[in-house]
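Enquirer:
In full-length UniProt numbering, the protein residues as written are 1 to 329.
1. Going by alpha carbons, who is nearest to residue 7 out of 28, 80 and 32?
2. Taking DSSP's pairing of strands, which residues face residue 310 in a bridge?
3. Could you give the residue range of the alpha helix (DSSP H) that holds residue 237?
4. Could you work out which residue in 209, 145, 302 and 113 is closest to residue 269 when comparing CA atoms only?
5. Just to confirm, are residue 142 and residue 241 a CB contact at a threshold of 8 Å?
6. Determine, using beta carbons only, whether residue 257 and residue 233 come nearer to each other than 8 Å.
7. Helix, strand or coil for residue 100, going by three-state DSSP, please let me know.
8. Does DSSP classify residue 174 as helix, strand or coil?
9. Considering only the beta carbon of each residue, do residue 155 and residue 313 sit closer than 8 Å?
10. Taking the CB atoms as reference points, tell me whether residue 134 and residue 87 lie closer together than 8 Å.
11. In this structure, what does DSSP give as the bridge partners for residue 285?
12. Which partner residues does residue 62 have in the DSSP bridge list?
13. If I measure Cβ to Cβ from residue 148 and keep anything under 6 Å in the same chain, skipping five residues before and after, which residues do I get?
14. Where residue 128 and residue 28 are concerned, what is the direct C-alpha to C-alpha distance, given to the nearest angstrom?
15. Determine, using beta carbons only, whether residue 62 and residue 124 come nearer to each other than 8 Å.
16. Nearest CA to the CA of residue 335: which residue from 109, 84, 74 and 140?
17. In three-state terms, what does DSSP make of residue 224?
18. How would you call residue 277, buried or exposed, if buried means at least 16 neighbouring beta carbons within 10 angstroms?
19. Just the Cα atoms here: how many angstroms apart are residue 301 and residue 289?
20. Just to confirm the assignment, what range does the beta strand (DSSP E) spanning residue 180 have?
21. Just curious, the beta strand (DSSP E) that residue 157 is in, first and last residue?
22. Report yes if the C-beta distance between residue 182 and residue 237 is below 8 Å; otherwise report no.
23. Going by beta carbon distance, what residues of the same chain come within less than 6 Å of residue 172, once the five residues before and after it are set aside?
24. Whose C-alpha, out of 254, 227, 136 and 235, is nearest the C-alpha of residue 243?
25. Is the distance from the Cβ of residue 186 to the Cβ of residue 318 below 8 Å?
26. Could you pull out every residue in the same chain whose Cβ sits closer than 7 Å to the Cβ of residue 191, ignoring the five residues on either side in sequence?
27. Between residue 223 and residue 18, what straight-line distance do the alpha-carbon atoms span, to the nearest angstrom?
28. Take residue 112 as the anchor and find which of 264, 102, 130 and 103 has the nearest alpha-carbon.
29. Would you kindly report the start and end of the unbroken beta strand (DSSP E) that includes residue 143?
30. Quick check: what's the CA-CA separation for residue 126 versus residue 99?
31. Candidates 132, 78, 77 and 122: which alpha carbon is nearest residue 104's?
32. Give the DSSP-derived three-state secondary structure of residue 56 in the structure shown.
33. By DSSP, does residue 215 sit in helix, in strand, or in coil?
34. Under DSSP, the alpha helix (DSSP H) around residue 87 begins and ends at which residues?
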């Protein structure tokens, strides 16, 4: 679709509407787009020109705190946008539904029962009570950036364990032996998995995890807190995400600690915070487009008539980006 859009100087959304027989595109432009589609080898079915084609509708549920005006977390905004684009390319429409933590989710249940959604994507960590409510509906569903521990639903996950293992090994290979971890365990699955990758790297190098260098960065409700740093700092820190690394570097600067001259840092995500820091962070880049494409494929498969989820886990590898927050010792 993007190729057709580029050739004709229109948006991909316009191309999708024209090819799927939706309103909002003039007859002349519609035929021009369909003609260009044939030239590009796009297979047009008869249902594209009629009104009998059912356009799949997908609800994407995500914690509202990632989308409010005070949020500084851009990951879920970006991945939702990419998932919506990927579904549109496959003839489906995504609708974002923000979920605020509450005592019961009767309104959301009514939404699922009365709105003809063909599929549901549960994006990121959500209240277990809400997840259980969604599971009790008949709507096909998948998880993205969250592992369904019942193993009854397909999940698309970032490869947190081995990517953080690689990031920690980078510090070790640069000569660092005193390495701490910044992240509150048992708050999110991602932090737990990234800690285990860090721990495995130290284990392989026969280096113990030092409790005094295990730094909390958030509350059990996933709200950021001031980090309590010890008087004696390690040679390096592994941060569970770029935002935490950004906040850590600000605290270190107030103590006169320079990165990387006095202390090295690696982190995870490669989001906006990775280049807001001075120096820029060495970090694991999350391939958001790959996750979105895999999520869209998985959702379309789950919406097929008679499909039964196998509880498959689809892991998407990241990429270590070497910047200026690490120095050799």
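For glycine and all other residues, C-beta sits at the position ideal for the given N, C-alpha and C.
This one's a predicted model, so the numbers in the text were calculated from it and none came from an experiment.
Expert: Straight from the coordinates:
1. Position 7 of the chain shown holds residue 7. That would be 32, whose Cα lies nearest to the Cα of residue 7.
2. The sequence position of residue 310 within the chain shown is 310, counting from 1. Paired residue(s): none; residue 310 is not in a bridge.
3. Your numbering for residue 237 matches position 237 in the chain shown. Element bounds for residue 237: not the alpha helix (DSSP H) but the beta strand (DSSP E), 236-239.
4. Locating residue 269 in the chain shown gives position 269, counting from the first residue. Out of 209, 145, 302 and 113, 145 has the C-alpha closest to the C-alpha of residue 269.
5. Translated into positions along the chain shown, residue 142 becomes position 142. Translated into positions along the chain shown, residue 241 becomes position 241. Taking 8 Å as the Cβ cut-off, residue 142 and residue 241 do not qualify as a contacting pair.
6. Numbered from its first residue, the chain shown carries residue 257 at position 257. Numbered from its first residue, the chain shown carries residue 233 at position 233. Yes, the Cβ-Cβ distance between residue 257 and residue 233 is below 8 Å.
7. As a working mapping, residue 100 is identified with position 100 in the chain shown. Three-state DSSP puts residue 100 in coil, outside helix and strand.
8. Here residue 174 corresponds to residue number 174 of the chain shown, with the count starting at 1. In the structure shown, residue 174 sits in coil (DSSP, three-state: anything other than H, G, I, E or B).
9. On the chain shown, position 155 is the one that residue 155 refers to. On the chain shown, position 313 is the one that residue 313 refers to. Contact: yes.
10. Here residue 134 corresponds to residue number 134 of the chain shown, with the count starting at 1. Here residue 87 corresponds to residue number 87 of the chain shown, with the count starting at 1. No, the Cβ-Cβ distance between residue 134 and residue 87 is not below 8 Å.
11. For the purposes of this step, residue 285 is identified with residue 285 of the chain shown, where counting begins at 1. Paired residue(s): 269 and 319.
12. For the purposes of this step, residue 62 is taken as the residue at position 62 of the chain shown. DSSP output for residue 62 lists 98 and 123 as bridge partner(s).
13. Taking the first residue of the chain shown as 1, we reach residue 148 at position 148. The answer, listed in chain order, is 155.
14. Numbered from its first residue, the chain shown carries residue 128 at position 128. Numbered from its first residue, the chain shown carries residue 28 at position 28. So the alpha carbons of these two residues sit roughly 50 Å apart.
15. Taking the first residue of the chain shown as 1, we reach residue 62 at position 62. Taking the first residue of the chain shown as 1, we reach residue 124 at position 124. In contact: residue 62 and residue 124 (Cβ atoms closer than 8 Å).
16. Here the chain has residues from 1 to 329 only, and residue 335 is not among them.
17. Your numbering for residue 224 matches position 224 in the chain shown. Reduced to three states, the DSSP call for residue 224 is strand.
18. Counting from one through the chain shown, the residue named residue 277 turns up at place 277. So residue 277 counts as buried.
19. On the chain shown, position 301 is the one that residue 301 refers to. On the chain shown, position 289 is the one that residue 289 refers to. Cα to Cα, residue 301 sits roughly 18 Å from residue 289.
20. Indexing the chain shown from 1 puts residue 180 at position 180. Its beta strand (DSSP E) spans residues 179-182.
21. One-based indexing of the chain shown puts residue 157 at position 157. Residues 155-158.
22. For the purposes of this step, residue 182 is taken as residue 182 along the chain shown, with counting starting at 1. For the purposes of this step, residue 237 is taken as residue 237 along the chain shown, with counting starting at 1. In contact: residue 182 and residue 237 (Cβ atoms closer than 8 Å).
23. In the chain shown, counting from the first residue as 1, residue 172 sits at position 172. Contacts found: 205.
24. For the purposes of this step, residue 243 is taken as residue 243 along the chain shown, with counting starting at 1. Comparing Cα positions, the closest option is 227.
25. Reading the chain shown from its first residue, position 186 is the one you call residue 186. Reading the chain shown from its first residue, position 318 is the one you call residue 318. It is not a contact, given that the beta carbons lie outside the stated cut-off.
26. Residue mapping note: residue 191 aligns to position 191 of the chain shown, counting from 1. Answer for residue 191: 183, 184, 185 and 240, listed in chain order.
27. Counting from 1 along the chain shown, the entry for residue 223 is found at position 223. Counting from 1 along the chain shown, the entry for residue 18 is found at position 18. The alpha-carbon atoms of residue 223 and residue 18 are separated by roughly 44 Å.
28. As a first step, residue 112 is located in the chain shown; it is residue number 112 there, counting from the start. Among 264, 102, 130 and 103, the Cα nearest to that of residue 112 belongs to 130.
29. Here residue 143 is taken as the residue at index 143 of the chain shown, counted from 1. Start and end: 141-144.
30. Counting from 1 along the chain shown, the entry for residue 126 is found at position 126. Counting from 1 along the chain shown, the entry for residue 99 is found at position 99. Those two C-alpha atoms are separated by around 8 Å.
31. As a position in the chain shown, residue 104 is number 104, starting the count at 1. Comparing Cα positions, the closest option is 132.
32. Counted from its first residue, the chain shown places residue 56 at position 56. Residue 56: strand per DSSP, three-state reduction.
33. Start at 1 with the first residue of the chain shown, and residue 215 comes out as number 215. Strand.
34. Position 87 of the chain shown, counting from 1, holds the residue named residue 87. Unbroken alpha helix (DSSP H) run through residue 87: 75-89.
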